[in-house]
Amino acid sequence: MIEKENLAGAARALKEYLAPVDPDEFEAETGISGGDFREIFPQEFDGPIFAIDGSNVVVFDLGAVSLHRIRAGYVVYRGTEWEKTAVTYDDLFVADRENYSHHFNRYRKGIFDIEEPFELQSKEELDRMATFYRDLQEHVALFEAVLEAEGGDVVLYDGGFSLWREPYHREVFDRIFERAWERGVDLLAISKSSQLSWGRGIARPLLRSVDRVGCAAIPESPWLVRLSGRRAMREEPWGGETFAARLHPGSTHAFRVDAPGRAAESIEEILGRIAFYSRSSESPGYPHALFRAHQEMKIPIMERDFTRLSLFEELRGLGFSEGEIRGALDYHEILDSIKRR
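Letter by letter, the sequence shown follows residues 1 to 341 in UniProt numbering.
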């Protein structure tokens, strides 16, 4: 058990990150002032709202190779009414360092017509192979949603479009942006978390600080502020702009919003439509369509365990004993499965 004095020390350290923001210091460091925030006016929207999400769980870990259950897809709402859920991928993926490219290339070539082979560069990224594959499946779901949507419809992607750290899917996003532009679809990415920071001495969370300054500047109303071009924002030429937005005055969070070309030009109107449908008591301030997509695409622990047991049964049918199967597992899995007496 952690000693109380250690907990107290950790709390004192976190106090620096959670402390109120001095608006003058914040403006001096980031270039963002209270006057930069603009009010969002929620407006009813009778067109479809698409929302994309995905999930990934480890089913079988052999150390150098792991088997994952991955699911991706989208939901469609019209107003407050759910219309449908489309699961575009729900399958097993073998993360093998020596044999992964063809899994990616199948979709890059077949869906996005990208000829260049997919190749990860470092050991750290190889360890995250299944995450990159889940991302690709989410992008396939996003592309299908854009193709289904019509001019003026809203498509929301759970995540970000600005890939300054991991540019592997840049060509995929370019294809999606082009098609959204051609079809007149309002496309936005909304991130539940952000690593952007500001400050000297310590890295204070940018989005949380923006949230505090914005709520002081425009109390009791939804708001947005442009982050692109600010000193705290890492820039890259991805063909869009990045904003922060609080979509409901009763929300606990503001969110990062990436808007490619066309959507950035009418960001206030689009966010007004989304804000109107971000008032659910289940997740106030978060678009309800994205909330539903998260719930629909999430792979529960019980479902993961059932997949694992089903896989064990298939392996036994191939002649492997229970001992051989469990002996192949990474020992972390063995320890996690043992209940303490």
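Cβ coordinates follow ideal geometry from the N, Cα and C atoms, glycine included.
Continuous alpha helix (DSSP H) stretch holding Asp-174: start and end: Residue numbering aside, residue 174 sits at position 174 when the sequence shown is read from its first letter. Unbroken alpha helix (DSSP H) run through Asp-174: 170-183.
Span separating the alpha-carbon of Leu-311 from that of Ser-162: Position 311 of the sequence shown, counting from 1, holds the residue named residue 311. Position 162 of the sequence shown, counting from 1, holds the residue named residue 162. Approximately 37 Å, taken between the alpha carbons.
Tell me the DSSP secondary structure of Tyr-100 in three-state form. Within the sequence shown, the letter at position 100 stands for residue 100. Here Tyr-100 sits in coil by DSSP.
Hey, quick one: how far does the alpha helix (DSSP H) through Gly-272 stretch, first residue to last? Reading the sequence shown from its first residue, position 272 is the one you call residue 272. Gly-272 -> alpha helix (DSSP H) spans 267-276.
In chain order, what residues of the same chain have a beta carbon less than 8 Å from the beta carbon of Ser-266, not counting five sequence neighbours either side? Within the sequence shown, the letter at position 266 stands for residue 266. Closer than 8 Å at Cβ, skipping near neighbours: Asp-186.
Gly-199, DSSP secondary structure in three states: Residue mapping note: residue 199 aligns to position 199 of the sequence shown, counting from 1. It is coil, neither helix nor strand.
Taking only the alpha-carbon atoms, compute the straight-line gap between Asp-53 and Gly-201 and give it to the nearest angstrom. By one-based count along the sequence shown, residue 53 stands at place 53. By one-based count along the sequence shown, residue 201 stands at place 201. If you take the alpha carbons of Asp-53 and Gly-201, they lie about 36 Å apart.
Give the straight-line distance between the Cα atoms of Val-140 and His-294, rounded to the nearest whole angstrom. On the sequence shown, residue 140 is found 140 positions in, with the first residue counted as 1. On the sequence shown, residue 294 is found 294 positions in, with the first residue counted as 1. Roughly 16 Å separates the two Cα atoms.
Ile-2 lies in the beta strand (DSSP E); which residues open and close that run? Indexing the sequence shown from 1 puts residue 2 at position 2. No beta strand (DSSP E) holds Ile-2; DSSP gives it neither H nor E.
Rank Val-155, Ser-55, Ser-278 by C-alpha distance to the C-alpha of Tyr-89 and give the top, closest one. For the purposes of this step, residue 89 is taken as residue 89 along the sequence shown, with counting starting at 1. With distances taken between Cα atoms, Tyr-89 lies closest to Ser-55.
Is the Cβ-Cβ distance between Ala-189 and Leu-156 less than 9 Å? Against the sequence shown, residue 189 aligns to sequence position 189. Against the sequence shown, residue 156 aligns to sequence position 156. Taking 9 Å as the Cβ cut-off, Ala-189 and Leu-156 qualify as a contacting pair.
Residues bridged to residue 356 (per DSSP): The first residue shown for the chain is 1 and the last is 341, placing residue 356 beyond what the model contains.
Give the C-beta separation of Glu-232 and Thr-30 to the nearest angstrom, bearing in mind that I take them to be a contact with Cβ-Cβ under 8 Å. Numbered from 1 along the sequence shown, position 232 holds the residue referred to as residue 232. Numbered from 1 along the sequence shown, position 30 holds the residue referred to as residue 30. The sequence given here places Ala at residue 232; Glu does not occur at that position. Between Thr-30 and Ala-232 the Cβ distance is about 4 Å, and since that is below 8 Å, they are a contact.
In whole angstroms, give me the CA-to-CA distance for Arg-179 and Leu-147. Taking the sequence shown and counting its residues from 1, the one referred to as residue 179 is at position 179. Taking the sequence shown and counting its residues from 1, the one referred to as residue 147 is at position 147. Roughly 8 Å between the two C-alpha positions.
Give the straight-line distance between the Cα atoms of Arg-71 and Gly-272, rounded to the nearest whole angstrom. By 1-based counting over the sequence shown, the position of residue 71 is 71. By 1-based counting over the sequence shown, the position of residue 272 is 272. Each residue's Cα considered, the two are about 30 Å apart.
Measure the C-alpha to C-alpha separation of Ala-203 and Ala-11 and round it to an integer number of angstroms. Within the sequence shown, residue 203 is the residue found at index 203, counting from 1. Within the sequence shown, residue 11 is the residue found at index 11, counting from 1. Cα-Cα distance, rounded: 16 Å.
Measure the beta-carbon distance from Arg-246 to Ala-254 and round it to whole angstroms, keeping in mind my assumption that it falls under 8 Å. As a position in the sequence shown, residue 246 is number 246, starting the count at 1. As a position in the sequence shown, residue 254 is number 254, starting the count at 1. Contact flag correct, Cβ pair sits at about 4 Å.
Please report the distance separating the alpha-carbon of Ile-301 from that of Thr-307. One-based indexing of the sequence shown puts residue 301 at position 301. One-based indexing of the sequence shown puts residue 307 at position 307. Each residue's alpha carbon lies about 10 Å from the other.
Closest residue to Asp-46 among Tyr-277, Asp-211, Ser-228 (Cα-Cα distance): Residue 46 sits at position 46 when you count from the first residue of the sequence shown. Comparing Cα-Cα distances from Asp-46 to each of Tyr-277, Asp-211, Ser-228, the minimum goes to Tyr-277.
Compute the beta-carbon to beta-carbon distance between Tyr-77 and Ala-216, rounded to the nearest angstrom, for a pair I have assumed lies under 8 Å. Reading the sequence shown from its first residue, position 77 is the one you call residue 77. Reading the sequence shown from its first residue, position 216 is the one you call residue 216. That pair is no contact at about 32 Å.
Nearest by alpha-carbon distance to Ile-270: which of Leu-227, Pro-222, Leu-309 is it? Here residue 270 is taken as the residue at index 270 of the sequence shown, counted from 1. Comparing Cα-Cα distances from Ile-270 to each of Leu-227, Pro-222, Leu-309, the minimum goes to Pro-222.
Please report the distance separating the alpha-carbon of Ser-197 from that of Pro-219. The residue you call residue 197 lines up with position 197 of the sequence shown. The residue you call residue 219 lines up with position 219 of the sequence shown. Those two C-alpha atoms are separated by around 23 Å.
My output table needs one value for Leu-311: the three-state DSSP class, helix, strand or coil. Here residue 311 corresponds to residue number 311 of the sequence shown, with the count starting at 1. Three-state result, Leu-311: helix.
What residue range does the beta strand (DSSP E) around Thr-242 cover? To locate residue 242, count along the sequence shown from 1; it is residue 242. Per DSSP, Thr-242 belongs to the beta strand (DSSP E) from 240-246.
Beta-carbon gap between Glu-303 and Arg-69 smaller than 9 Å: Walking along the sequence shown from the start, residue 303 turns up at place 303. Walking along the sequence shown from the start, residue 69 turns up at place 69. Result yes, Cβ atoms of Glu-303 and Arg-69 sit closer than 9 Å.
Can you tell me which of the three DSSP states Asp-90 falls into? Within the sequence shown, residue 90 is the residue found at index 90, counting from 1. The answer is strand: DSSP assigns Asp-90 an E or B state.
Environment of Leu-92 [buried if 16+ CB atoms lie within 10 Å]: On the sequence shown, position 92 is the one that residue 92 refers to. The residue is exposed, with fewer than 16 neighbouring Cβ atoms inside 10 Å.
State the start and end residues of the unbroken beta strand (DSSP E) segment that holds Leu-156. As a first step, residue 156 is located in the sequence shown; it is residue number 156 there, counting from the start. Start and end: 154-158.
Identify whether Asp-46 lies in helix, strand or coil by the three-state DSSP scheme. As a first step, residue 46 is located in the sequence shown; it is residue number 46 there, counting from the start. Coil at Asp-46, not helix or strand.
Among all the DSSP beta bridges, which residues are the ones paired with Pro-205? The residue labelled residue 205 in the question sits at position 205 within the sequence shown. Note: Pro-205 sits in a beta bridge opposite Ser-197.
Answer yes if the stretch 116-128 comes into contact with the stretch 95-104, meaning at least three C-beta pairs across the two stretches below 8 Å, and no otherwise. yes
With DSSP as the reference, label Gly-34 as helix, strand or coil. Position 34 of the sequence shown holds residue 34. Here Gly-34 sits in helix by DSSP.
Integer-rounded CB distance, given that Arg-97 should sit under 8 Å from Ala-64: By one-based count along the sequence shown, residue 64 stands at place 64. By one-based count along the sequence shown, residue 97 stands at place 97. That belief holds up - the Cβ atoms of Ala-64 and Arg-97 are roughly 7 Å apart, short of 8 Å.
Nearest to Asp-153 by CA position, among Gly-229, Thr-131, Gly-79, is which residue? What you label residue 153 is simply residue 153 of the sequence shown in a count that begins at 1. Among Gly-229, Thr-131, Gly-79, the Cα nearest to that of Asp-153 is on Gly-79.
If we count the other Cβ atoms within 10 Å of its Cβ and call it buried at 16 or more, is Glu-322 buried or exposed? Counted from its first residue, the sequence shown places residue 322 at position 322. It is exposed - the Cβ of Glu-322 has fewer than 16 other Cβ atoms within 10 Å.
Under the rule that 16 or more other beta-carbon atoms within 10 Å means buried, what is Glu-313, buried or exposed? On the sequence shown, position 313 is the one that residue 313 refers to. Exposed is the call here.
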